[in-house]
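Sequences listed follow chains X and C, in order.
Going by my numbering, 19 is the number at position 19 of the first sequence; the sequence numbering is gapless.
Just so we're on the same page, my numbering is the position in the second sequence counted from 1, plus 1000.
All remarks here apply to the structure that follows.
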Amino acid sequence: NAGVIQTPRHKVTGKGQEATLWCEPISGHSAVFWYRQTIVQGLEFLTYFRNQAPIDDSGMPKERFSAQMPNQSHSTLKIQSTQPQDSAVYLCASSFSAETLYFGSGTRLTVL
Amino acid sequence: AQSVTQPDARVTVSEGASLQLRCKYSYSGTPYLFWYVQYPRQGLQLLLKYYSGDPVVQGVNGFEAEFIKSNSSFHLRKASVHWSDSAVYFCAVSANSNNRIFFGDGTQLVVKP
């Protein structure tokens, strides 16, 4: 069991470019969560899927951010027209339900 | 909605000393409570969790936490800290097993040798 896999580990984009972050949950886990972590804001909930269906996206900025889970083996977080304030560590976690979350090591996004 | 307050942004203790990291939650029902730890450049890892039963729960590496409903608290304790315990500790709450988990802002623990 390799745990939750997030790729890439680091991504640098220019302002206005698109960034796609990937998450491979633990096999058999039915829930996938996305969080954003910054020094200033701490750990912010973004969105949550259960059995591939979006359950709660209340934390997602309505513009530029979107998340999908096309199959049970991966989820993506896409940020269009990236801005410097999007710079953060993006954490993905998976779970059997929403009990114990198993986190990946995160993707550090830097927007220049 | 649920929320979590960790009043101490940073706690410094000497190696071998006892530790308490404070956590208070806001939720009208009986919560699911968690403590997670984050080491540098890693994701969060579960230390312990409480759903019901004995209000004192044991976790990994000698950590324990006590659920006190009357105080809406779930403080984390350890009898004797080690330098390797230096990390950021997050308290979290959920309404039930199918709801999202709300995290506190975290407490950075620094263990001095």
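Think of the CB as a built atom: it goes at the ideal place given N, C-alpha and C, for glycine as much as any other residue.
Kindly identify the DSSP beta-bridge partner or partners of residue i.
| i | result |
| --- | --- |
| Phe1034 of chain C | C:Lys1049 and C:Ala1092 |
| Tyr102 of chain X | X:Ser94 |
| Val1013 of chain C | C:Val1111 |
| His1075 of chain C | C:Glu1066 |
| Arg108 of chain X | X:His10 and X:Val89 |
| Val1081 of chain C | In the DSSP output, where bridge partners are listed per residue, Val1081 of chain C has none listed. |
| Thr38 of chain X | X:Gly42 |
| Thr20 of chain X | X:Lys78 |
Provide the residue span of the beta strand (DSSP E) that contains residue i, from first to last.
| i | result |
| --- | --- |
| Gly42 of chain X | Gly42 to Arg50 |
| His29 of chain X | Here His29 of chain X belongs to no beta strand (DSSP E), and DSSP marks it neither H nor E. |
| Phe1067 of chain C | Glu1064 to Ile1068 |
| Arg9 of chain X | Run containing Arg9 of chain X: none; DSSP gives neither H nor E here. |
| Ala127 of chain X | Lying before the first or after the last residue shown, residue 127 of chain X is absent from chain X, which here runs from 1 to 112. |
| Ser1003 of chain C | Ser1003 to Thr1005 |
| Ser75 of chain X | His74 to Ile79 |
| Pro70 of chain X | Phe65 to Asn71 |
| Val1060 of chain C | First-last for Val1060 of chain C: undefined, no H or E at that position. |
| Asp56 of chain X | Ala53 to Asp56 |
| Lys1024 of chain C | Lys1024 to Ser1026 |
| Gln1020 of chain C | Leu1019 to Leu1021 |
With burial defined as no fewer than 16 other Cβ atoms inside 10 Å of the residue's Cβ, what is the status of residue i: buried or exposed?
| i | result |
| --- | --- |
| Ala2 of chain X | exposed |
| Leu112 of chain X | exposed |
| Ile39 of chain X | exposed |
| Arg1041 of chain C | exposed |
| Asp1054 of chain C | exposed |
| Ala53 of chain X | exposed |
| Gln85 of chain X | exposed |
| Val1056 of chain C | exposed |
| Ser94 of chain X | buried |
| Ala1009 of chain C | exposed |
| Val89 of chain X | buried |
| Ala1001 of chain C | exposed |
| Pro151 of chain X | Residue 151 of chain X lies beyond the residue range present for chain X, which begins at 1 and ends at 112; the question has no answer from this structure. |
Are the CB atoms of residue i and residue j nearer to each other than 8 Å?
| i | j | result |
| --- | --- | --- |
| Val1004 of chain C | Cys1023 of chain C | yes |
| Arg1100 of chain C | Asp56 of chain X | yes |
| Met60 of chain X | Thr76 of chain X | no |
| Phe1067 of chain C | Leu1046 of chain C | no |
| Arg36 of chain X | Arg108 of chain X | no |
| Leu1048 of chain C | Gln1038 of chain C | no |
| Ser1018 of chain C | Lys1078 of chain C | yes |
| Ala31 of chain X | Phe45 of chain X | no |
Do you know whose CA, among the options, lies nearest residue i's CA?
| i | options | result |
| --- | --- | --- |
| Gln1020 of chain C | C:Tyr1039, C:Ala1001 and C:Trp1035 | C:Trp1035 |
| His1082 of chain C | C:Gln1038, C:Val1056, C:Val1110 and C:Val1093 | C:Val1110 |
| Leu43 of chain X | X:Glu18, X:Leu91 and X:Leu101 | X:Leu91 |
| Cys23 of chain X | X:Leu101, X:Ile5, X:His29 and X:Thr13 | X:Ile5 |
| Gly1029 of chain C | C:Ser1070, C:Asp1008, C:Ala1017 and C:Ala1009 | C:Ser1070 |
| Ala1065 of chain C | C:Gly1043, C:Ser1084, C:Phe1090 and C:Ser1086 | C:Phe1090 |
| Gln17 of chain X | X:Ala31, X:Ile26 and X:Ile79 | X:Ile79 |
| Val1088 of chain C | C:Pro1113, C:Leu1076 and C:Thr1107 | C:Thr1107 |
| Gln1096 of chain C | C:Pro1031, C:Gln1002, C:Pro1007 and C:Gln1058 | One detail in the question is off: residue 1096 of chain C reads as Asn in this sequence, not Gln. Minimum Cα distance to Asn1096 of chain C is reached at C:Pro1031. |
| Asn51 of chain X | X:Thr7, X:Gln72 and X:Lys62 | X:Gln72 |
| Asn1061 of chain C | C:Ser1086, C:Val1093 and C:Tyr1027 | C:Ser1086 |
| Ser105 of chain X | X:Leu21, X:Ser81, X:Ala67 and X:Met69 | X:Leu21 |
| Ser1072 of chain C | C:Ser1084, C:Ser1080, C:Val1093 and C:Lys1112 | C:Val1093 |
Could you check whether the Cβ of residue i sits closer than 7 Å to any heavy atom belonging to the ligand ATP?
| i | result |
| --- | --- |
| Gln1045 of chain C | Looking at this structure, you won't find the ligand ATP or any other ligand, since it has none at all. |
Residue i touches chain D at which residues, Cβ-Cβ below 9 Å?
| i | result |
| --- | --- |
| Lys1049 of chain C | No chain D is part of this structure, whose protein chains are labelled X and C. |
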